[in-house]
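Peer 1: Input: one structure, supplied below.
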DNA sequence: GATGAATGAGCATTCATTCAT
DNA sequence: GATGAATGAATGCTCATTCAT
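Chains as they are written, first to last, in this note's numbering: chain A, 1 to 216; chain B, 1001 to 1216; chain C, 2001 to 2216; chain D, 3001 to 3216.
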């Protein structure tokens, strides 16, 4: 529940190798490969990280890795796709269960912060390496990304409707918020900042009441 | 006034080749190289763009380019450094002249949007390629970047002081804002969105009053 | 009678795996593998065709294939050897039964054309991939090939003897003829050219009377 | 006059690197590279020969080679194209100057044998590696090859016309002859066989009077 | 009989950079 | 100022083959 690689069986069922071989052993190894790759891509960047790095990090042979993916790009795709899939599911659930739009925004931001803190590598890769994929890989991820964005925008629209704001403004507000969320990886360091809950509270407050937080 | 390459003579005066040769012709060519590189780095990413691309884009020979810079990394450095230098100067001026902190925040955001729209390539590179530099190059840019950030944070602190907020909250607010500003390049397309002035107004409103904008 | 794979039991009885296991099922599968390989080698060339291609074409697993042959080279060997073996047998029979040397040449050419048309892949491989085998594999096929050549040369010698030609000339004539026969695969396309019988008639006519065919 | 690489300046003037750089030094080196490659491709086959082999054979660095060609395939293309170009020119000249069709055939065969003996590597590559090229490279060579074939076929047609033969028969005769010519590399070894002139005499005799040569 | 998983060795190609001229 | 020629080091990827099961 939550980790992008935990539910591989369900999500990666189209043209990747995961669809051909489904032994438990295969899935376990693939997860290992993906998590090592995530760490590497996060640290060095997708372009600078090499398959040889992955080989070293996993202890597998260079050629052996290619049993689990078809290309370096597919590796990145798997990481991004499963991550966005997870985020979408979580957000969908929130929206379905929370009727108050303001609370809903808070829940969304909170969920994202918490997800980030538990999957820093993956989220960093989702923010920074958007343009590293091409063609079908790009399109498939972009679709999921758009879904996540649209869901978020819908929250702003509900808030907006209550006070007569325009749809264009909701869209922009969502874009602004995404900037903030996608930038977290640049500055957040565990232990040096408040926890996810507190950060979410503050950021939500800004978006709902402006800065600084009005004293309670 | 403002273009990062316009004031090369002034800024690039330490260890780059610009300090050795200062003929007007040299500067003209260097500017051409930098602007072609900016376009390339913005489009393909620093790592994926090659010096051969730069050679082709400028019509200069591969070897000839190295008369104007010592390494591909220096090229990136020059772009980032001069851009942050420009931004800092502009922001310093704003802060010096504007006493009302709220208005000051608005001016800052407005300036940044306008600067972005006139130097999309450079700002994209400043946001996305932060980790592409290493060692001294990285440090020198990070210094400038920190200055720009600190100046912005100081605005939030002034706002905060008026209503008794904490310094930590100001810092976070600034980080949130920077996320939004550094993400613009991902979605902004000329003609499809309101102009800089309008965007600045909306974003400032969110940070000062929350979303949606209260009707006046 | 004639297809190189039809009489596998008889021919492949030395160091290949065929000598160890001789169940009918084994032979059936081996034939399937050989025929798929022939098609692949003919289409892509021995070097460019991969065992993975064979695996895909046969629906067998990569590792499973190695139960039927010891190496890719052995696969090629099996194809070439059985083909030359077949050709030799047929030619021997012709020479034994036909006393008139001119008619004998015609029969030989006719047989070769007909064999070619029914086994295009195999003959293509026998012509084009001669140098793809090494060591023992090469020698064993070369032996058969030489036998086929010698039998043919003997026909020319009989023709030559009748009119006092030299042995060297017979050898060259046979070499010239083999060039023509080994090149057929490059141009012949079913339906676009006369059938085997007619082609054989024309080619024989050239070798016996020269071009153009004298009107009868 | 005749070596396929001797007249590079003239022939290789389209999309190869030869069109960009034309210094004498460049041409000299390119010729060296092409001739080393020819030897290698002839000996090991195109697929089996590696660029590393070329590097070793020429004493140039692996990367340095790519200054002279864009890909291994282009290397093969250059060899094949210039060879067929040379052959075509020579044949055109023969046909233009020789009015008697029988003598013309003799001249053609003689020229081919002589060209072969002086450029064994290149001709071997032209015969054996026809299908190693793809796309545009293939098409461009095929064009030249067809021209060479058509010119030859035209000779047979002239012979045929004198005695009322059909065009289809001329075409087949030309195909048969090409088989013989393209197969020479498989058996001819210097010193072990008569020289080009004598071979040409014998082969022509077969095609004009049949085997064996009638004693005069 | 058959296969999932794995690997060593190798391959074509690229790239930033240099240096003699 | 500028470039033709060259290179060391690396990169993503493939392939025939093997072995435990």
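Note that CB positions come from ideal geometry on N, CA and C, so glycine has one too.
1. Measure the C-alpha to C-alpha separation of residue 211 of chain A and residue 1160 of chain B and round it to an integer number of angstroms.
2. Per DSSP, what kind of secondary structure is residue 131 of chain A in: helix, strand or coil?
3. Helix, strand or coil for residue 1205 of chain B per DSSP?
4. Can you tell me where the alpha helix (DSSP H) holding residue 52 of chain A begins and where it ends?
5. Which chain C residues are close to residue 3131 of chain D, counting only those with a beta carbon under 7 Å from its beta carbon?
6. For residue 209 of chain A, go through chain B and note every residue whose CB falls closer than 9 Å to its CB, in chain order.
7. Between residue 146 of chain A and residue 115 of chain A, how many whole angstroms is the CB-CB distance? I'm expecting something under 8 Å.
8. Return the first residue and the last residue of the alpha helix (DSSP H) that residue 3180 of chain D is part of.
9. Quick check: residue 3077 of chain D and residue 3137 of chain D, are their CB atoms within less than 9 Å of each other?
10. Judging by CA-CA distance, which residue of C:2080, C:2051, C:2082, C:2081 is the nearest neighbour of residue 2067 of chain C?
11. Can you tell me the Cα-Cα spacing of residue 2075 of chain C and residue 3048 of chain D, whole angstroms?
12. Between which residues of its own chain and residue 3033 of chain D is the CB-CB distance below 8 Å, once the five residues before and five after are set aside?
13. What is the DSSP secondary structure of residue 3212 of chain D, reduced to helix, strand or coil?
14. Kindly indicate if chain A contains any beta-carbon less than 9 Å away from that of residue 1184 of chain B.
15. Cβ of residue 88 of chain A within 9 Å of Cβ of residue 158 of chain A?
16. Apart from the five residues on each side of it in sequence, which residues of its chain come closer than 7 Å, Cβ to Cβ, to residue 2102 of chain C?
17. Which residues in chain A have a C-beta closer than 9 Å to the C-beta of residue 1169 of chain B? List them in chain order.
18. Residue 2197 of chain C and residue 2110 of chain C: beta carbons closer than 9 Å?
19. Assign residue 64 of chain A to one of three DSSP states: helix, strand, or coil.
20. Compare the C-beta of residue 2193 of chain C against all C-beta atoms of chain D and say whether one is closer than 9 Å.
21. Tell me the residue span of the alpha helix (DSSP H) that contains residue 3119 of chain D.
22. Any contact between the stretch 2173-2180 of chain C and the stretch 3175-3189 of chain D? By contact I mean 3 or more CB pairs, one from each, below 8 Å.
23. By alpha-carbon positions, which one of C:2187, C:2119, C:2126, C:2063 ends up nearest to residue 3149 of chain D?
24. Are there 16 or more other CB atoms within 10 angstroms of the CB of residue 135 of chain A, so buried, or fewer, so exposed?
25. Just the Cα atoms here: how many angstroms apart are residue 2001 of chain C and residue 141 of chain A?
26. By the 8 Å beta-carbon criterion, what residues does the stretch 2043-2077 of chain C contribute toward chain D?
27. Is the beta carbon of residue 2112 of chain C closer than 9 Å to that of residue 2039 of chain C?
28. Could you name the residues of chain A that residue 1159 of chain B contacts, counting a contact when the two beta carbons are closer than 9 Å?
29. Helix, strand or coil: which one does DSSP assign to residue 193 of chain A?
30. Express the C-alpha separation of residue 1129 of chain B and residue 1073 of chain B in angstroms, rounding to a whole number.
31. Check whether the Cβ of residue 3216 of chain D lies closer than 9 Å to any Cβ atom in chain C.
32. Please state the DSSP three-state secondary structure of residue 3081 of chain D.
33. Return the chain-ordered list of same chain residues with a C-beta closer than 7 Å to the C-beta of residue 167 of chain A, the five sequence neighbours on each side being excluded.
34. Look at residue 3094 of chain D and residue 3041 of chain D and say whether their C-beta atoms are less than 9 Å apart.
35. Strictly under 9 Å for the Cβ-Cβ distance: is residue 1135 of chain B near chain A by that measure?
Peer 2: Let's see:
1. Cα to Cα, residue 211 of chain A sits roughly 8 Å from residue 1160 of chain B.
2. Assignment of residue 131 of chain A by DSSP, reduced to helix, strand and coil, places it in the helix class.
3. Look at residue 1205 of chain B here: in three-state DSSP terms it is helix.
4. Residues 51-58.
5. Around residue 3131 of chain D, the beta-carbon contacts reaching into chain C at under 7 Å are 2045.
6. Per Cβ cutoff of 9 Å: 1209, 1210.
7. Cβ atoms of residue 146 of chain A and residue 115 of chain A stay farther apart than 8 Å, at about 18 Å.
8. Counting along the chain, the alpha helix (DSSP H) containing residue 3180 of chain D begins and ends at 3167-3187.
9. Cβ distance < 9 Å, so residue 3077 of chain D and residue 3137 of chain D count as in contact.
10. Looking only at C:2080, C:2051, C:2082, C:2081, the smallest Cα-Cα distance to residue 2067 of chain C is reached by C:2051.
11. One C-alpha to the other measures close to 18 Å.
12. Counting only Cβ-Cβ distances below 8 Å, and skipping sequence neighbours, we find 3054, 3058, 3060, 3065, 3068, 3069, 3075.
13. Collapsing the DSSP output to three states places residue 3212 of chain D in coil.
14. True, the Cβ-Cβ gap to chain A drops below 9 Å.
15. Not a contact, by the Cβ cut-off of 9 Å.
16. Excluding sequence neighbours, residue 2102 of chain C sits near 2159, 2208.
17. Contact note: residue 1169 of chain B reaches chain A through 202, 211, 212, 213, using a C-beta cutoff of 9 Å and chain order.
18. Yes.
19. Residue 64 of chain A: helix per DSSP, three-state reduction.
20. Chain D contact via Cβ: present.
21. Neither: residue 3119 of chain D is in no alpha helix (DSSP H) and is coded neither H nor E.
22. A contact exists between the stretch 2173-2180 of chain C and the stretch 3175-3189 of chain D.
23. Cα-wise, what sits closest to residue 3149 of chain D is C:2187.
24. Exposed, since its Cβ has fewer than 16 Cβ neighbours within 10 Å.
25. Low confidence applies here, because residue 2001 of chain C scores a pLDDT of 38, under 50, leaving its location unreliable; read the following figure in that light. Cα to Cα, the separation comes out at about 58 Å.
26. Hits within the stretch, in order: 2045, 2047, 2048.
27. Their beta carbons are not under 9 Å apart, which means residue 2039 of chain C does not touch residue 2112 of chain C by this criterion.
28. Chain-ordered, the chain A residues with CB closer than 9 Å to the CB of residue 1159 of chain B read 211, 212.
29. Three-state DSSP puts residue 193 of chain A in coil, outside helix and strand.
30. C-alpha separation (whole angstroms): 11 Å.
31. Summary for residue 3216 of chain D: the model assigns pLDDT 43, below 50, so the residue's position carries little reliability; its value from the coordinates is reported in the next sentence. Chain C, which has no Cβ nearer than 9 Å to the Cβ of residue 3216 of chain D, makes this no.
32. In the displayed model, residue 3081 of chain D falls within a helix according to three-state DSSP.
33. In chain order, 157 place their CB closer than 7 Å to the CB of residue 167 of chain A, counting only its own chain and leaving out the 5 sequence neighbours on each side.
34. With respect to residue 3041 of chain D, residue 3094 of chain D sits apart: the two C-beta atoms are not nearer than 9 Å.
35. Look at residue 1135 of chain B: its C-beta is not under 9 Å from any C-beta on chain A.
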